[in-house]
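Working notes for the structure below.
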Amino acid sequence: MMTKKYILGYPVLLIGLLLCTRGTAFTQDNPNLSKGQKVYVPAYSHIYKGNRQIPSFLTVTLSIRNTDMSHAIEVVFVDYYDTKGTLLKNYLPSPVFLKPLESIRYVVDYDDKAGGAGANFIIEWRSENAVNPPIMETIMGYFEQSLETAYFQFRNYRLIILMSCSG
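Going letter by letter, the sequence shown gives residues -27 to -1, 1 to 140 in mature numbering (1 follows the signal peptide of the UniProt record, and there is no 0).
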């Protein structure tokens, strides 16, 4: 019985991930090169379930990926805000440089409930050269023995995966 769940689950997962990543390809000849931006990235430190709106808490991972193959970028700040727009945490005491194709991550722990369902990050980055803008995305998840739930946020696409791990 458990084998059937996984056999059906993997193709669905693969199709979902392919749909979520459509449109994210880039080329080095991209006409949309930039020397910097301030970017809003949504995050959900919890979501609600059921008719009584019971909160389900999530771990949030913010990923910042330098997509330029030739130039470094400087991440100036990574600020985390709650549902009401109150600054909760500045993740960078000083700017960080990402080499070409380098990535960095920041994690909001599962037990950090301050952000709420409307939590978000504001990220500022810059570069001396016009570069392909970095990809910034959040992945939220909660994993326990009987049920695994993963919430993926890729640009404007969302995918929720529920998989039963018990027999």
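Don't be surprised by glycine CBs; every beta carbon is placed ideally from N, CA and C.
Being a predicted model, the structure only gives us computed values, none of them experimental.
So what's residue i in DSSP terms, helix, strand or just coil?
i: residue 145; result: The first residue shown for the chain is -27 and the last is 140, placing residue 145 beyond what the model contains.
i: Arg38; result: strand
i: Ala16; result: coil
i: Pro107; result: coil
i: Val81; result: strand
i: Lys86; result: coil
i: Asn5; result: coil
i: Asn93; result: strand
i: Arg99; result: strand
i: Gln10; result: strand
i: Arg25; result: coil
Our contact map puts residue i next to residue j with C-beta atoms below 8 Å; I'd like the distance itself, whole angstroms only.
i: Asn105; j: Thr40; result: 5 Å
i: Ser18; j: Lys62; result: Not a contact, Cβ separation roughly 12 Å.
i: Ala90; j: Tyr54; result: Rounded, the Cβ-Cβ distance is 13 Å, inconsistent with contact.
i: Ser100; j: Lys8; result: 6 Å
i: Tyr115; j: Tyr83; result: 7 Å
Can you check whether the CB of residue j is closer than 7 Å to the CB of residue i?
i: Ile37; j: Ile77; result: yes
i: Glu97; j: Phe50; result: yes
i: Val80; j: Thr34; result: yes
i: Asn5; j: His44; result: no
i: Pro28; j: Tyr21; result: yes
i: Leu71; j: Ile108; result: no
i: Met42; j: Pro73; result: yes
Could you pull out every unbroken beta strand (DSSP E) segment of at least 3 residues lying fully inside the region 30 to 74, listed in chain order? Segments of the beta strand (DSSP E) lying fully in the region 30 to 74: 32 to 38, 46 to 54, 60 to 63 and 69 to 71.
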